[in-house]
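Peer 1:
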Amino acid sequence: MTPQATTNNTSNTSNTSNTSTLEGHLYRLSANESPHAPLPAVLQAINEAAREVNRYPDLRCAELTAAIAGRLGVPEGGVVVGPGSVAVLQTLLSAIAGPGAQVVYAWRSFEAYRLLTQLAGATAVEVPLRSDGTHDLPAMADAINDRTRLVFVCTPNNPTGTVLHRPALEAFLDRVPAGCLVVIDEAYREYVRDTEAPDALTLGPGRPNVLVLRTFSKAYGLAALRVGFAVGPPAVIATIRKAGLPYAVSSLAQTAAVASLLAQDELMARVETVTKERGRVREALLAQGWYVPESEANFLWLPLPDRALGLGAHLAAAGVAVRPFPGAGVRVSIGSAEDNDAFLVAAAAFPRP
11 MTPQATTNNT SNTSNTSNTS TLEGHLYRLS ANESPHAPLP AVLQAINEAA
61 REVNRYPDLR CAELTAAIAG RLGVPEGGVV VGPGSVAVLQ TLLSAIAGPG
111 AQVVYAWRSF EAYRLLTQLA GATAVEVPLR SDGTHDLPAM ADAINDRTRL
161 VFVCTPNNPT GTVLHRPALE AFLDRVPAGC LVVIDEAYRE YVRDTEAPDA
211 LTLGPGRPNV LVLRTFSKAY GLAALRVGFA VGPPAVIATI RKAGLPYAVS
261 SLAQTAAVAS LLAQDELMAR VETVTKERGR VREALLAQGW YVPESEANFL
311 WLPLPDRALG LGAHLAAAGV AVRPFPGAGV RVSIGSAEDN DAFLVAAAAF
361 PRP
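Whatever position you read off the sequence shown (first residue = 1), add 10 for our numbering.
#1: Return the bridge partner residues of THR172 from the DSSP annotation.
#2: Would you list, in sequence order, the uninterrupted beta strand (DSSP E) runs of no fewer than 3 residues that lie entirely inside the segment 232 to 272?
#3: Please report the residue range of the beta strand (DSSP E) in which ASP195 lies.
#4: State buried or exposed for ASN219, treating a residue as buried only when at least 16 other CB atoms are found within 10 Å of its CB.
#5: Does the Cβ of THR285 lie closer than 7 Å to at least one heavy atom of the ligand PLP?
#6: If I'm right that TYR115 touches VAL161 with Cβ under 8 Å, what's the distance once you round it to whole angstroms?
#7: Let me know the secondary structure DSSP gives VAL202 once reduced to three states.
#8: Between ARG159, VAL84 and MET150, which has its C-alpha nearest PRO109's C-alpha?
#9: Assign LEU32 to one of three DSSP states: helix, strand, or coil.
#10: If you check the beta carbons only, do LEU49 and GLU287 fall under 8 Å apart?
#11: Cα separation between ARG157 and PHE309?
#12: Near THR20, which residues of its chain fall below 7 Å by C-beta distance, leaving aside the five closest residues on each side in sequence?
#13: For LEU32 and VAL340, what's the separation of their Cα atoms in angstroms?
#14: Could you check whether PRO93 and VAL241 sit closer than 8 Å to each other, using their CB atoms as the reference points?
#15: Would you report the Cα separation of PRO67 and VAL84, rounded to the nearest angstrom?
#16: Which residues in the same chain as LEU36 place their Cβ atom closer than 7 Å to its Cβ, once the five residues preceding and following it in sequence are excluded?
#17: Looking at the strands, I want to know which residues DSSP matches up with SER343.
#18: Considering only the alpha carbon of each residue, which of PRO208, ARG290, GLY254 and ASN350 lies closest to GLN100?
#19: Less than 6 Å between C-beta atoms, sequence neighbours within five positions excluded: which residues of the same chain meet that for PHE120?
#20: When burial is assigned at 16 or more other CB atoms within 10 Å of the CB, is GLY214 buried or exposed?
#21: For the putative contact between ALA266 and LEU211, defined by C-beta atoms under 8 Å, what is the C-beta separation to the nearest angstrom?
#22: Just reading off the alpha helix (DSSP H) that ARG292 is part of, what are its end residues?
#23: Is it buried or exposed, THR205, if we count other Cβ atoms within 10 angstroms and call 16 or more buried?
#24: Assign ASN42 to one of two classes, buried (16 or more other C-beta atoms within 10 Å of its C-beta) or exposed (fewer than that).
#25: Helix, strand or coil for PHE353? Go by DSSP, reduced to three states.
#26: Where does TYR301 fall in DSSP's three states?
#27: Which of the three DSSP states is assigned to ALA331 in this structure?
#28: Taking C-beta to C-beta, are VAL193 and VAL186 nearer than 8 Å?
#29: If we ignore side chains and look at the alpha-carbon of each, how far apart do GLY299 and VAL137 end up?
#30: Is THR20 helix, strand or coil by DSSP?
#31: If you scan the segment 92 to 161 from start to end, which runs of the beta strand (DSSP E) of 3 or more residues do you find wholly inside it?
#32: Counting along the chain, where does the beta strand (DSSP E) carrying ALA221 start and finish?
#33: For PRO361, is the classification buried or exposed, using 16 other Cβ atoms within 10 angstroms of its Cβ as the cut-off for buried?
#34: Under 8 Å Cβ to Cβ from CYS190, same chain only, skipping five residues before and after it: list those, please.
#35: With a 10 Å radius around its C-beta and 16 neighbouring C-beta atoms as the bar for buried, classify LEU147 as buried or exposed.
#36: Tell me, please, whether the CB atom of GLU282 is closer than 8 Å to any CB atom in chain B?
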């Protein structure tokens, strides 16, 4: 197959393959979840914390905030925790955007950007991706005006898996006005192996308008507990804290996240198995004749503007749940070796031109 560009499709996407009733085993490759259960030490910490669910959680997430700051080498005043990174984004938008404001982001990218911008009453400015699935940073910079309050940059990008390199990111940030906040969404940072893709935290010093977003839902495997965080200028972090709901992050989530940070080496070993599977699955798909861009996340992207729903339905019939984006392509999460093998068998049977 030859490469095909994603389209600027603004219709709601379908996720029926994630909820279809299928006979036999369901291979869940639609939500970019970790295929691994929590580590024993994390489960033990959750069990112990469950004894005190009659008490409210720590309002300020003090222990978790300190643990994140210590792990990343940043001041505690530069960290804010929320019930998932999406909730942190929503709080930020409600605090600094609204009717009359504009929010710029690439498209196709993380779907929540569009939804949260609409909820805030702001105007979305969606800049099409390049044909290779990467952000068109010069075009995004051109789209910024005096009404722009926020710019979202997703790297690795969801759903294409592509990353941005340091020179391009730095050149972009140099063009963004100081009064416009750039949120660099690194939900999949732990899976990045491209040495030219910078840790966004290294871009923040000297730039008081850069905020970095991360999560415990993906590599850390705590998707059901909903805990994410942002790192950035203390003034912006303080604004998010003031606008956030009290007691939003449960005590179980805080405890599990702290325990996960303490088990960093074991967790990163699990991440390594995912990145190796990512390479294996991509090579197998290429051998089958698919076009698959390089991915630095825990998923792969199949650009199929005309056949996304067809492939999604074909895989669902085989018991493999993936995420089709109508008019754009299909995103396939990397699961266990068994999950991935089931997907590869089904993908090989899909008729292609």
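Ideal placement from N, C-alpha and C gives every residue a C-beta, glycine not left out.
As the structure is a computational prediction, the values presented were derived from the model and not from experiment.
Peer 2: Reading off the structure:
#1: None; THR172 has no bridge partner.
#2: If we require 3 residues or more, the beta strand (DSSP E) runs fully inside the segment 232 to 272 come out as 238 to 241.
#3: Segment 191 to 195, the beta strand (DSSP E) holding ASP195.
#4: The residue is buried, with at least 16 neighbouring Cβ atoms inside 10 Å.
#5: Absence of the ligand PLP from the depicted structure is noted, as is the absence of any ligand whatsoever, leaving it without description.
#6: That pair is a contact at about 7 Å.
#7: Here DSSP, grouped into helix, strand and coil, assigns VAL202 to coil.
#8: Considering only alpha carbons, the answer is ARG159.
#9: Any reading at LEU32 must be qualified, since the residue scores a pLDDT of 40, below 50, and its modelled position is unreliable; no value is offered.
#10: No, the pair does not count as a contact, with Cβ atoms beyond the cut-off.
#11: Between ARG157 and PHE309, the C-alpha separation is close to 35 Å.
#12: Note that THR20 scores 34 on pLDDT, short of 50, meaning its location in the model is unreliable; the coordinates nonetheless yield the value given after this. Contacts found: none.
#13: Interpretation of LEU32 is limited by its pLDDT of 40, a score under 50 that renders its predicted location unreliable; the figure taken from the coordinates is listed afterwards. Spanning the two alpha carbons is a distance of roughly 19 Å.
#14: No, the pair does not count as a contact, with Cβ atoms beyond the cut-off.
#15: Roughly 24 Å between the two C-alpha positions.
#16: Only residues of its own chain outside the window of five on either side were considered, and among them GLY329 and ALA331 have a CB closer than 7 Å to the CB of LEU36, listed in chain order.
#17: According to DSSP, SER343 bridges with PHE309.
#18: Among PRO208, ARG290, GLY254 and ASN350, the Cα nearest to that of GLN100 belongs to GLY254.
#19: Around PHE120: CYS164 and ASN168.
#20: GLY214 should be labelled buried.
#21: With 8 Å as the limit, ALA266 and LEU211 do not qualify as a contact, their Cβ atoms being about 23 Å apart.
#22: Counting along the chain, the alpha helix (DSSP H) containing ARG292 begins and ends at 274 to 298.
#23: With fewer than 16 other Cβ atoms from the protein chains shown falling within 10 Å of its own Cβ, THR205 counts as exposed.
#24: By the neighbour-count rule (16 or more Cβ atoms within 10 Å), ASN42 is buried.
#25: Here DSSP, grouped into helix, strand and coil, assigns PHE353 to helix.
#26: Looking at TYR301 - three-state DSSP - the assignment turns out to be coil, as it is neither helix nor strand.
#27: The DSSP-derived three-state label of ALA331 is strand.
#28: The answer is no: Cβ separation not under 8 Å.
#29: Their backbone Cα atoms lie some 30 Å apart in a straight line.
#30: Caution is warranted here: a pLDDT of 34 is assigned to THR20, below 50, making its placement in the model unreliable, and the coordinate value is therefore given only provisionally. Reduced to three states, the DSSP call for THR20 is coil.
#31: 112 to 117 and 133 to 138, all fully within the segment 92 to 161.
#32: Note that residue 221 is Leu in the sequence shown here, rather than Ala. Element bounds for LEU221: 220 to 225.
#33: Classification of PRO361: exposed, given that the 10 Å Cβ count is below 16.
#34: Hits under 8 Å: ILE154, THR158, ARG159, LEU160, VAL161 and ASN219.
#35: It is buried - the Cβ of LEU147 has at least 16 other Cβ atoms within 10 Å.
#36: Within the model displayed, chain B is absent; a lone protein chain is all it includes.
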